[in-house]
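The block underneath contains the structure these notes are about, expressed in structure tokens.
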Amino acid sequence: MFAPDAPSIISDDMWSLFHKLGSPPWLYRISGSILRWLLPIAVLGLAVGATWGLLYTAPDFRQGNSYRIIYIHVPAAVVALAGYYVMAIAGAIHLIWKMKIADVAMMAAAPVGAALTFIALVTGSIWGKPTWGAWWVWDARITSMLILLFLYLGVMALHEAYDNKAAASRACAVLALVGTVNIPIIYKSVDWWYSLHQPASIKFSGASTIDPSMLWPLLVCIISFYALFTCALLGNMRVAILQRERRTSWVRRLAVETG
Amino acid sequence: MATSSFYGALLRRQLALALRRPVQLLNPLLFFAVVILLFPLGLGPAPDTLSNFAGGILWIVALLANMLGVDSLFRGDFDDGSLDQLLLAEQPLYFVVLPYFFVHWLLNGALLALLAPLFALMLGLPARATGVLVLSLLLGCGVMTVLGAIGAALTVGLRRGGMLIVLLITPFYVPVLIFGAAAVQAAVAHQPAGPYLALLAAMLSLALGLGPAAVAAALRISVDS
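These protein sequences, in sequence, are chains H and C. 1 is the number of the first residue of the first sequence in the numbering used here; add one for each residue after it. 1001 is the number of the first residue of the second sequence in the numbering used here; add one for each residue after it.
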């Protein structure tokens, strides 16, 4: 499909990384060593960020202490959306290059992303009670997150419905890619439809409306959520790899070595 | 076979298949009428309430009618093997699916849109919004047909695709519903509905440009599995 001698902007090293990524034993080994240092960092970062945000920042002058749920709500929402793109890009790689591991990554991302979307919805609803006076408000961003949850559940349900798992992965990749084209349209349209939500507090261009003392712990939390997402993704992938390759010699050897 | 006669034959075949079952032609329209009947029963017969919600009700029911119909878009041809033949044809699948879209739009979209004024009258939608309602349904049903066809193509090989397709394609229908209902609302409120109709037309262009590729890919997966 891609000739190695064709002129390419991708160097040979990258191709070899690409081929290695397609190898389940290599990925299993490397993900194990990544998890060994990334998981402690994620847990530590989350502990530091949450403690900092919950105990050592000033209360908001209008919302009091209730705003502190932002340290869970915003990171979950940010990573939930990013997770969809991880899933869709993995799906695209699987469709285009038929890489063996890409569909494992795609299906590993779906439940993690759905769980984060659910967390964002629940924390948003809990935050809405003291702020807006109702558990559920049909606000643009909450509605968008609900639609995102359905997009995730759709991919998972479609995968479940196919008996032939190879076809299931390709069907889910197509669905995820269609979703990627649609997500900006859905978000923009829901945005126009209604907006009660406070405008975005973190802006990369121009001044943030959030105080720096509140922003730093939030950034720590967001980065920790990304790390946690990566850990969950790799963990899911490792289980899926072992399940899929359970009849191969390297998995048998692994089982013998680890007892 | 020459390319133009190939697509012409395909279009005639789709139309003939639909027209030979006239009762099935009526099904989407009956669905439309029956579900409309539920709203006054559930919301109460007060004319003010109903005319307030009329635009939204008509749009939601049209969306449901389109969604229910689209499930069977490829099913017959999948079951009797004609789809395998079309996949083997030398013509690109991207264009082969267009006659399917057109006939589905004609029978589940255009026909509904033309009948919608009658139901709009029954629900008390102000007469000034009727034209916009018909136009928005004509455009919106086109978008929904393409998006629904993606879901239909993904689930055509599954034995129990019926409920699944609703979960798969409802999120994609959201922008269409928002702008379609907004166009009718704007017309009711004496505001220009043109921008909303333009957005629906833009969505239709985008769907017609990219949708057939997704449907073609999905059909290949369904037939292969």
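Beta carbons: idealized from backbone N, C-alpha and C, even for Gly.
Check: Reference L148/H; option with closest CA among I126/H, A82/H, I101/H and S125/H; Outcome: A82/H
Check: Entirely enclosed alpha helix (DSSP H) segments - the segment 1173-1224 of chain C, minimum 4 residues; Outcome: 1194-1224
Check: 8 Å contact criterion, which I186/H and V1174/C should meet: CB distance rounded; Outcome: 5 Å
Check: Residue span of the alpha helix (DSSP H) that contains W1059/C, given as start and end; Outcome: P1047 to V1070
Check: CB of V1103/C within 8 Å of CB of A1153/C, strictly; Outcome: no
Check: Contact with chain C by W97/H, beta-carbon distance below 8 Å; Outcome: no
Check: Contact between the segment 217-225 of chain H and the segment 36-56 of chain H (3+ Cβ pairs under 8 Å); Outcome: yes
Check: is_contact[W37/H, chain C] using C-beta, thresh 8 Å; Outcome: no
Check: Whether L177/H touches A92/H by CB criterion (8 Å); Outcome: yes
Check: Neighbourhood of A1113/C by C-beta, 6 Å cutoff - its chain only, sequence neighbours within 5 removed; Outcome: V1134, L1137 and L1138
Check: Helix, strand or coil at L196/H [DSSP, three-state]; Outcome: Its pLDDT being 36, under 50, L196/H is placed unreliably in this model, and the value from its coordinates should be taken loosely. Note: L196/H maps to coil in three-state DSSP.
Check: Whole-angstrom distance between A1033/C and P1126/C, CA atom to CA atom; Outcome: 19 Å
Check: Residue range of the alpha helix (DSSP H) that includes E245/H; Outcome: Per DSSP, E245/H belongs to no alpha helix (DSSP H) and is neither H nor E.
Check: Local Cβ density within 10 Å of I34/H, reported as buried at 16 or more and exposed below that; Outcome: exposed
Check: Terminal residues of the alpha helix (DSSP H) in which R141/H lies; Outcome: A140 to A161
Check: Residues bridged to D60/H [DSSP beta-bridge criterion]; Outcome: G64/H
Check: Of the residues L1041/C, V1023/C and F1172/C, the one placed nearest L1063/C, counting alpha carbons only; Outcome: F1172/C
Check: Residues that I1178/C contacts on chain H, provided the C-beta gap is smaller than 8 Å; Outcome: S189, V190, W192 and W193
Check: Boundaries (first-last residue) of the alpha helix (DSSP H) holding N1027/C; Outcome: P1022 to L1043
Check: Under the three-state DSSP convention, the category T1130/C falls into; Outcome: helix
Check: Test item: CB-CB of W1059/C and L1177/C under 8 Å; Outcome: yes
Check: Backbone CA spacing between A1213/C and R1128/C [nearest angstrom]; Outcome: 39 Å
Check: Contact the segment 128-144 of chain H vs the segment 1006-1017 of chain C: 3+ CB pairs below 8 Å; Outcome: no
Check: Residue range of the alpha helix (DSSP H) that includes Q1014/C; Outcome: T1003 to L1019
Check: Check whether T230/H and L95/H have beta carbons under 8 Å apart; Outcome: no
Check: CB contact check: A3/H to chain C, cutoff 8 Å; Outcome: Here A3/H scores only 49 on pLDDT, less than 50, and its place in the model is too uncertain to base an answer on.
Check: S205/H versus L17/H: straight-line alpha-carbon distance, rounded; Outcome: Residue placement at S205/H is flagged as unreliable, the pLDDT there being 46, under the threshold of 50; the coordinate-derived value follows with that caveat. Cα to Cα, S205/H sits roughly 35 Å from L17/H.
Check: CB contact check: L196/H to chain C, cutoff 8 Å; Outcome: In this predicted model, L196/H has a pLDDT of only 36, less than 50, meaning its place in the structure is not dependable; the value taken from the coordinates is given anyway. By this cut-off, L196/H is not an interface position.
Check: Whether I126/H touches I69/H by CB criterion (8 Å); Outcome: yes
Check: H1190/C, buried or exposed, once every other Cβ within 10 Å from all chains shown has been counted against 16; Outcome: exposed
Check: Members of the segment 136-170 of chain H near chain C, C-beta cut-off 7 Å; Outcome: I147, F150, L151, L153, G154, A157, L158, A161, Y162, N164, A167 and R170
Check: Cβ-based contacts, 8 Å cut-off: residues of the segment 1170-1204 of chain C near chain H; Outcome: T1170, P1171, F1172, V1174, P1175, I1178, F1179, A1182 and M1203
Check: The segment 1151-1167 of chain C: positions lying closer than 8 Å to chain H by Cβ; Outcome: L1154, T1155, G1157, L1158, R1160, G1161, L1164 and L1167
Check: Ordered list of alpha helix (DSSP H) runs contained in the segment 77-137 of chain H, each at least 4 residues; Outcome: 100-132
Check: Same chain, Cβ closer than 7 Å to V48/H, neighbours up to 5 away in sequence not counted; Outcome: V220
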